[in-house]
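Peer 1: For the sequence shown, position 354 (counting from the first letter as 1) is numbered 353 according to numbering that gives the first Met the number 0, and the numbering increases by one without interruption.
Every residue, glycine too, gets a C-beta built ideally from N, C-alpha and C.
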Amino acid sequence: MGMRMEYSEGQAAGRLRVSRAALRWAVHTGAVPGPDLAAGTWSRAAVEAIDAAAVQAGLSAEPVPAYEVVQRLTDALACWEIEVNLSTAAELTEAGLLADLSGDPKRPSFHPVQVEALVTRRDLARMVADLVLLGPDQAAARLRVRRVEFDHMVRLGWITATRTVRVRYPSSQGGPVTVALYRAADVGLLPAVYPEVSWSALRTAAKGSRSPLATVTAEDHQAVNLAGVGRIAGVGRAAAANWRRHAAGFPAPTAGTDRNPLFARAEVALWLRANGKLCTPWPARRPAFVTVAGGQTVTLDDPDLLVRDGGREEFGGYTDRDAPVPWPRAELVRVEMPGHSPYSVAGASVDISYSGSPTRQYVTFFWHTEERRPLAGDSGIPGATGGARTP
Numbered sequence: 000m001g002m003r004m005e006y007s008e009g010q011a012a013g014r015l016r017v018s019r020a021a022l023r024w025a026v027h028t029g030a031v032p033g034p035d036l037a038a039g040t041w042s043r044a045a046v047e048a049i050d051a052a053a054v055q056a057g058l059s060a061e062p063v064p065a066y067e068v069v070q071r072l073t074d075a076l077a078c079w080e081i082e083v084n085l086s087t088a089a090e091l092t093e094a095g096l097l098a099d100l101s102g103d104p105k106r107p108s109f110h111p112v113q114v115e116a117l118v119t120r121r122d123l124a125r126m127v128a129d130l131v132l133l134g135p136d137q138a139a140a141r142l143r144v145r146r147v148e149f150d151h152m153v154r155l156g157w158i159t160a161t162r163t164v165r166v167r168y169p170s171s172q173g174g175p176v177t178v179a180l181y182r183a184a185d186v187g188l189l190p191a192v193y194p195e196v197s198w199s200a201l202r203t204a205a206k207g208s209r210s211p212l213a214t215v216t217a218e219d220h221q222a223v224n225l226a227g228v229g230r231i232a233g234v235g236r237a238a239a240a241n242w243r244r245h246a247a248g249f250p251a252p253t254a255g256t257d258r259n260p261l262f263a264r265a266e267v268a269l270w271l272r273a274n275g276k277l278c279t280p281w282p283a284r285r286p287a288f289v290t291v292a293g294g295q296t297v298t299l300d301d302p303d304l305l306v307r308d309g310g311r312e313e314f315g316g317y318t319d320r321d322a323p324v325p326w327p328r329a330e331l332v333r334v335e336m337p338g339h340s341p342y343s344v345a346g347a348s349v350d351i352s353y354s355g356s357p358t359r360q361y362v363t364f365f366w367h368t369e370e371r372r373p374l375a376g377d378s379g380i381p382g383a384t385g386g387a388r389t390p
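#1: How should GLU312 be labelled, buried or exposed, when 16 other C-beta atoms within 10 angstroms of its C-beta is the threshold for buried?
#2: Taking just the CA atoms, how far does VAL63 sit from ILE49?
#3: Under a three-way DSSP split, which group does THR87 fall into?
#4: Please tell me whether VAL68 and ALA53 are closer than 7 angstroms, where the distance is taken between their beta carbons.
#5: Pull the bridge partners of ILE351 from the DSSP assignment, please.
#6: Residue ranges of each alpha helix (DSSP H) run of no fewer than 4 residues wholly in the stretch 155–194, ordered along the chain?
#7: Do you know how far the Cα of TYR181 is from the Cα of PRO135?
#8: Just grab the DSSP bridge partners of PRO373 for me.
#9: Going along the chain, which residues of its own chain have a beta-carbon closer than 6 angstroms to the beta-carbon of SER101, five neighbours each way excluded?
#10: According to the neighbour-count rule (16 or more other Cβ atoms, all chains shown, within 10 Å of its Cβ), is ASP99 buried or exposed?
#11: Pull up the distance between the alpha-carbon of PRO337 and that of ALA77, whole angstroms please.
#12: Whole angstroms is fine: what's the gap from LEU169's alpha carbon to LEU91's?
#13: As an exercise, report each continuous beta strand (DSSP E) stretch of at least 3 residues that is fully enclosed by the stretch 294–321, in chain order.
#14: Which residue wins for smallest C-alpha separation from SER42, given the options MET4, LEU201 and TRP157?
#15: Shorter than 6 angstroms, the distance from the beta carbon of ARG307 to the closest heavy atom of the ligand ATP, or not?
#16: Determine, using beta-carbon pairs with one atom in the stretch 221–235 and one in the stretch 257–264, whether at least three such pairs fall under 8 angstroms.
#17: Per DSSP, which one or two residues make a beta bridge with SER42?
#18: From SER171, ALA183, VAL215 and ASP185, pick the residue whose C-alpha is nearest to that of GLU195; which is it?
#19: Is SER210 helix, strand or coil when you go by DSSP?
#20: Can you check which of these residues, VAL344, LEU142 and GLY346, is closest to THR279 by C-alpha distance?
#21: In this structure, does DSSP put ALA222 in helix, strand or coil?
#22: Please go through the same chain and pick out, in chain order, the residues whose beta-carbon is closer than 6 angstroms to the beta-carbon of ALA11, but skip the five residues on each side of it.
#23: Taking 8 angstroms as the cut-off, does the stretch 308–325 touch the stretch 351–364 (at least 3 CB pairs, one atom from each stretch)?
#24: Do the stretch 28–41 and the stretch 294–309 make contact, defined as three or more Cβ pairs closer than 8 angstroms?
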């Protein structure tokens, strides 16, 4: 039998006597060259040139399965209104943020060091929220409109599905159906990309009434002038005109006149996103609850916990302006922040800031670490996993 001259990934790992995961990780990190022939295929010379010991040493820990990655993401995002599942790990892999070491799409596994680096990123919430895929009903809920409004947006070409999945319902419920999935980032940007649309009218349309979008045609919102470009980006017409004159890759006009050129809205949105001038809003945080001595509970929206040097902790969030809040000191009998074990604080200072808002106030509780006590049966606050951060 002749000598093998080409090696698949599995064959190359076998020839080197290393695990497939170790070889995939070495290629991912650049420790060894990737396949030099067709995709996934090495030449004999390339395989023989690989340092097997270095490949094996590079995989410093056993890969972790996808379900463990999902659990780590769930823990890290506990304070955010983001649902994580196995498809999230797949989207992170497709985006190049995780490297699948298994070679089996049905049983992916990942390097724990890479997973840890991912879950500790400060922009994790926004990044994952952008990558999550939403079904039509979820997309409508994200936009706070009825499903019929979102269906019209699809009809008008304002958004297109990223992929479809086959859902197997029982025959009593209609049997298998194909469901379109939309990237959450695309859904979240719709109000910004179509600022001239009356979103308040869409969001307050009465149940059973005709959609305000029913008479809109695909051509109605295809083009946008420079003032419209500015509205999408949240700047004036002059800034948009300056981008057109000086910024690389700004879309060419598709219609209009020299004095009032018109541009394809889809091209404008792509250019703005690519150049950091159009970003999806941060996802919302889950609320926190503070129960003070006497039984009063204060609900804090968009809560944040800061750990300062010297053991000073600051825990704050927004409440309604007329919500009763203890001041200037309070005994906190129970503090519940998503991602943290509940605890009490013997005594906390209280600060209230109105920041000029007619409807909201920002409440901050201050204490030192030694004044915080885990409640019975609780182990205390996790480290960074729960969302506590040190500035």
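Peer 2: Here's the rundown:
#1: For this step, residue 312 is matched to residue 313 along the sequence shown. That one is buried.
#2: Here residue 49 is taken as the residue at index 50 of the sequence shown, counted from 1. Here residue 63 is taken as the residue at index 64 of the sequence shown, counted from 1. Their Cα atoms are separated by approximately 25 angstroms.
#3: Residue 87 sits at position 88 when you count from the first residue of the sequence shown. Looking at THR87 - three-state DSSP - the assignment turns out to be helix.
#4: Residue 68 sits at position 69 when you count from the first residue of the sequence shown. Residue 53 sits at position 54 when you count from the first residue of the sequence shown. No; because the gap between Cβ atoms is not below 7 angstroms, this pair is not in contact.
#5: Here the question's residue 351 lines up with position 352 in the sequence shown. Answer is VAL362.
#6: 183–192
#7: Taking the first residue of the sequence shown as position 1, residue 135 is located at position 136. Taking the first residue of the sequence shown as position 1, residue 181 is located at position 182. If I take the Cα positions, the gap works out to 8 angstroms.
#8: Within the sequence shown, the letter at position 374 stands for residue 373. DSSP lists TYR342 as partners of PRO373.
#9: Translated into the one-based positions of the sequence shown, residue 101 becomes position 102. Excluding residues within five positions, the ones whose Cβ falls inside 6 angstroms are PRO107 and SER108.
#10: Numbered from its first residue, the sequence shown carries residue 99 at position 100. With 16 or more other Cβ atoms within 10 Å, it is buried.
#11: In the sequence shown, the residue the question calls residue 337 occupies position 338. In the sequence shown, the residue the question calls residue 77 occupies position 78. So the two alpha carbons sit approximately 6 angstroms from each other.
#12: As a working mapping, residue 169 is identified with position 170 in the sequence shown. As a working mapping, residue 91 is identified with position 92 in the sequence shown. Reading the sequence as shown, one finds Pro at residue 169 and not Leu. Cα to Cα, PRO169 sits roughly 31 angstroms from LEU91.
#13: 296–306 and 311–319
#14: Position 43 of the sequence shown, counted from the start, is the residue given in the question as residue 42. Residue MET4 is the option with its Cα nearest to SER42.
#15: In the structure on display, the ligand ATP does not appear, and there are no ligands present to speak of.
#16: yes
#17: Locating residue 42 in the sequence shown gives position 43, counting from the first residue. DSSP output for SER42 lists GLU5 as bridge partner(s).
#18: Along the sequence shown, one-based indexing puts residue 195 at 196. The candidate whose alpha carbon is nearest that of GLU195 is VAL215.
#19: As a position in the sequence shown, residue 210 is number 211, starting the count at 1. The answer is coil: DSSP assigns SER210 none of H, G, I, E or B.
#20: Locating residue 279 in the sequence shown gives position 280, where the first residue counts as 1. When only C-alpha atoms are compared, the closest one is LEU142.
#21: Taking the sequence shown and counting its residues from 1, one reaches residue 222 at position 223. Residue state, collapsed to three classes: strand.
#22: Numbered from its first residue, the sequence shown carries residue 11 at position 12. Excluding sequence neighbours, ALA11 sits near TRP41 and VAL46.
#23: yes
#24: no
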